[in-house]
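Those protein sequence lines, which keep their order, are chains C and G. In short: position in the first sequence from 1, add 62, done, that's our numbering. In short: position in the second sequence from 1, add 14, done, that's our numbering. Backbone N, C-alpha and C define an ideal beta-carbon position, used for all residues, glycine too. As the structure is a computational prediction, the values presented were derived from the model and not from experiment. Data block below; observations after.
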Amino acid sequence: MKLIITATAPGLEAPVDPRFGRGAYFVVVDTDTMQWQAHKNEAVNAAGGAGTQAAQFVAQQAAGAVISGDFGPNAYIALAAGEVKMYLLGASQTVSEAVANYVGGKLQEVRAPTGAGHHGGRGG
Amino acid sequence: MAAGAAEARGGATPPLRIAVASGKGGTGKTTVAVSLALSLAADAQGLPPAFLDCDVEGPNAHLFLRPNFERREDVAIQIPRVDAAKCTACGRCAEVCQYHAIVVLGRRTLVFPQLCHGCGSCTLVCPEDAISEEPHVIGVLEAGAAAGDIPFARGVLNVGEPMAVPIIRQLKQWGLAAHSAAGRTAILDAPPGASCPVVETVRGADYLLFVTEPTPFGLHDLRLAADVAAELGIPAGVVINRDGIGDAAVDAFCADAGLPVLLRIPFERAIAEGVAQGRTLVEIHPEYAPRLRSLFAAIVEQAARPAARKGDSG
Chain C
63 MKLIITATAP GLEAPVDPRF GRGAYFVVVD TDTMQWQAHK NEAVNAAGGA
113 GTQAAQFVAQ QAAGAVISGD FGPNAYIALA AGEVKMYLLG ASQTVSEAVA
163 NYVGGKLQEV RAPTGAGHHG GRGG
Chain G
15 MAAGAAEARG GATPPLRIAV ASGKGGTGKT TVAVSLALSL AADAQGLPPA
65 FLDCDVEGPN AHLFLRPNFE RREDVAIQIP RVDAAKCTAC GRCAEVCQYH
115 AIVVLGRRTL VFPQLCHGCG SCTLVCPEDA ISEEPHVIGV LEAGAAAGDI
165 PFARGVLNVG EPMAVPIIRQ LKQWGLAAHS AAGRTAILDA PPGASCPVVE
215 TVRGADYLLF VTEPTPFGLH DLRLAADVAA ELGIPAGVVI NRDGIGDAAV
265 DAFCADAGLP VLLRIPFERA IAEGVAQGRT LVEIHPEYAP RLRSLFAAIV
315 EQAARPAARK GDSG
């Protein structure tokens, strides 16, 4: 299946980026073949609405799950509506570690927003 | 008192609109704005000026002018509502939205009201006519008579709402038209900073009065605010508050930029204590009332100079 991990650079050995809406890259990984593709996050410098813009991108990739460190309220609502599962990075340091931890069932699934809103977010 | 007397005092038709801004917060904008209003109100020659508190994210002029609010009006922006039966999830609305306030996920189209600026683009581009608009209340306007028979109005942005500009825009329409027609001078207390809410407040003003302090912080933010005045072509002058602290760099900047220093208020414990008790500068030191009326006379003269009036059509 297809996984998306937020990372600070492209590639499987890239360090993870703990931010969802404002993470630098989305690395899309096929867990069966470990083939990957990196997309620069266009929402990094958005004045507002980074979370919804990033969620729109993730939904368009038709990924089964997304792994990041923090999902704000807008991002959470949008991803949940798109039926994209969300997981926390936990101890994962790199993209490949995050994939391995996901496959090994070690990651915690997100069932509520993990952070307060940022600019334009509803908060708590 | 007759409107004609106010006109004679202002010497201008329509009457002057003066915005009080600063750049840096906490320099004494509201202190100067309310004392200027009270000084003009105490002048037997004209109508008391109208006062608008445009700092809608943290309005506090009411603490000094103590208005009795008699009128209220909600401020709403128009946000989209998607008819799920008509929506085909084509995604055109999400593409056109500059604020990512509407997203299409799978078969669902979601609206995020807190991100919406109410521009209406999504409604226009929807090929299925699936989007209608409904009002979303983001704040309130309040008005009533204050100390010195000053007609007072303010806007209040609701907690959790990010957009101040629609409140300020509606406050100016709601709170100024009748007073302009009556010949009243208007004093607008601007928010701190130099971004959209400040621009919306000062747009259309005849004069911009900056209140700053002679510190590197005051100067840094005054420069930004002075750029706004220059960009909008509004004549401006400066009040240096807490004079005597800091350094001479604000004076040097004003001289270079051609900004007249109209008044200096010294750094003084009695003023700080009085303001902390909710008293105005003219209550603490009544001698500031004639000084502020002289400042107003200087503003009238400078605002009337034709060369400086190029941008006041807004």
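query: So who's on the other strand from G/Q128, going by DSSP bridges?
result: Translated into the one-based positions of the second sequence, residue 128 of chain G becomes position 114. For G/Q128, which the question treats as bridged, DSSP gives no partner whatsoever.
field: Rounded C-alpha distance that separates C/E75 from G/S135
entry: Counting from one through the first sequence, the residue named residue 75 of chain C turns up at place 13. Counting from one through the second sequence, the residue named residue 135 of chain G turns up at place 121. Roughly 42 Å between the two C-alpha positions.
task: Return the Cβ separation of G/D143 and G/K100 in integer angstroms, given the expectation that the two are a contact with Cβ distance under 8 Å.
output: The count along the second sequence starts at 1 and reaches residue 143 of chain G at position 129. The count along the second sequence starts at 1 and reaches residue 100 of chain G at position 86. Sure, about 7 Å apart at Cβ, within 8 Å.
task: Enumerate in chain order the residues of its own chain whose CB-to-CB distance from G/S327 is below 6 Å, with the five nearest sequence positions on each side excluded.
output: The residue labelled residue 327 of chain G in the question sits at position 313 within the second sequence. At G/S327, the pLDDT of 42 sits below 50, so the modelled position is not reliable; the number obtained from the coordinates is stated separately. Shown here for G/S327: not one same chain residue has a beta carbon closer than 6 Å to its own, the five before and five after excluded.
query: Quick one: does G/V117 have its CB under 8 Å from some CB of chain D?
result: Of the chains in the structure shown, none is chain D; the protein chains are C and G.
query: G/R256 to C/E104, Cα distance in whole Å?
result: One-based indexing of the second sequence puts residue 256 of chain G at position 242. One-based indexing of the first sequence puts residue 104 of chain C at position 42. As the crow flies, the alpha-carbon of G/R256 is around 46 Å from that of C/E104.
Cutoff 8 Å: C/I139 Cβ touching any chain G Cβ: For the purposes of this step, residue 139 of chain C is taken as residue 77 along the first sequence, with counting starting at 1. Output row for C/I139: interface = yes.
field: Residue interval of the beta strand (DSSP E) (run including G/I181)
entry: Your numbering for residue 181 of chain G matches position 167 in the second sequence. Per DSSP, G/I181 belongs to no beta strand (DSSP E); it is in the alpha helix (DSSP H), 179-195.
- prompt: Taking just the CA atoms, how far does G/R217 sit from C/G99?
  reply: Here residue 99 of chain C refers to the residue found at position 37 of the first sequence. Here residue 217 of chain G refers to the residue found at position 203 of the second sequence. Position check: residue 99 of chain C holds Gln in this sequence, whereas Gly was assumed. Taking the straight line from one Cα to the other gives about 48 Å.
field: Contact belief for C/P175 with C/F119 at Cβ below 8 Å, rounded distance in angstroms
entry: Along the first sequence, read from residue 1 onward, the residue named residue 175 of chain C stands at position 113. Along the first sequence, read from residue 1 onward, the residue named residue 119 of chain C stands at position 57. The beta-carbon separation of C/P175 and C/F119, rounded to 19 Å, does not stay under the 8 Å limit for a contact.
- prompt: CA-CA distance, C/P77 and C/Q122?
  reply: Residue mapping note: residue 77 of chain C aligns to position 15 of the first sequence, counting from 1. Residue mapping note: residue 122 of chain C aligns to position 60 of the first sequence, counting from 1. One C-alpha to the other measures close to 24 Å.
Interface positions of the region 112-127 of chain C facing chain G (Cβ-Cβ less than 7 Å), listed along the chain: Those residues of the region 112-127 of chain C placed with their C-beta closer than 7 Å to a C-beta in chain G are T114, Q115, A117, Q118, A121, ordered along the chain.
task: Could I get the ranges of all uninterrupted beta strand (DSSP E) runs contained in the region 61-104 of chain G, with 3 residues as the minimum, in chain order?
output: Listed in chain order, they are 64-67, 82-96.
- request: Return the chain-ordered ranges of every alpha helix (DSSP H) run that is complete within the region 124-173 of chain C and spans a minimum of 4 residues.
  value: With a minimum length of 4 residues, the continuous alpha helix (DSSP H) runs that stay inside the region 124-173 of chain C are 135-143, 157-165.
Cβ distance (whole Å) where G/R168 is taken to contact G/P73 below 8 Å: By one-based count along the second sequence, residue 168 of chain G stands at place 154. By one-based count along the second sequence, residue 73 of chain G stands at place 59. By a beta-carbon distance limit of 8 Å, G/R168 contacts G/P73. Their separation comes to about 5 Å.
Residues near G/P62 in its chain [Cβ-Cβ closer than 6 Å; skip 5 each side]: By one-based count along the second sequence, residue 62 of chain G stands at place 48. Same-chain partners within the cutoff: A55, G162, D163, I164.
- request: Tell me whether G/Q291 sits in a helix, a strand or coil according to DSSP, three-state version.
  value: Walking along the second sequence from the start, residue 291 of chain G turns up at place 277. G/Q291 falls in the coil class under three-state DSSP.
field: Where C/P77 sits in the DSSP three-state scheme
entry: Translated into positions along the first sequence, residue 77 of chain C becomes position 15. C/P77 falls in the strand class under three-state DSSP.
message: Between C/N163, C/P135, C/S158, which has its C-alpha nearest C/R81's C-alpha?
response: One-based indexing of the first sequence puts residue 81 of chain C at position 19. Out of C/N163, C/P135, C/S158, C/P135 has the C-alpha closest to the C-alpha of C/R81.
- request: Pick helix, strand or coil for G/L30, following the three-state DSSP scheme.
  value: Residue numbering aside, residue 30 of chain G sits at position 16 when the second sequence is read from its first letter. Coil.
query: Which word fits G/S36, buried or exposed, when buried means at least 16 other C-beta atoms lie within 10 angstroms of its C-beta?
result: Here residue 36 of chain G refers to the residue found at position 22 of the second sequence. Result: buried.
- prompt: Near G/C140, which residues of its chain fall below 7 Å by C-beta distance, leaving aside the five closest residues on each side in sequence?
  reply: Within the second sequence, numbered from 1, the residue matching residue 140 of chain G stands at position 126. For G/C140, where only same-chain residues beyond five positions count, the Cβ hits under 7 Å are R106, C107.
field: Pair within 8 Å by beta-carbon distance, G/A250 and G/F224
entry: For the purposes of this step, residue 250 of chain G is taken as the residue at position 236 of the second sequence. For the purposes of this step, residue 224 of chain G is taken as the residue at position 210 of the second sequence. Result yes, Cβ atoms of G/A250 and G/F224 sit closer than 8 Å.
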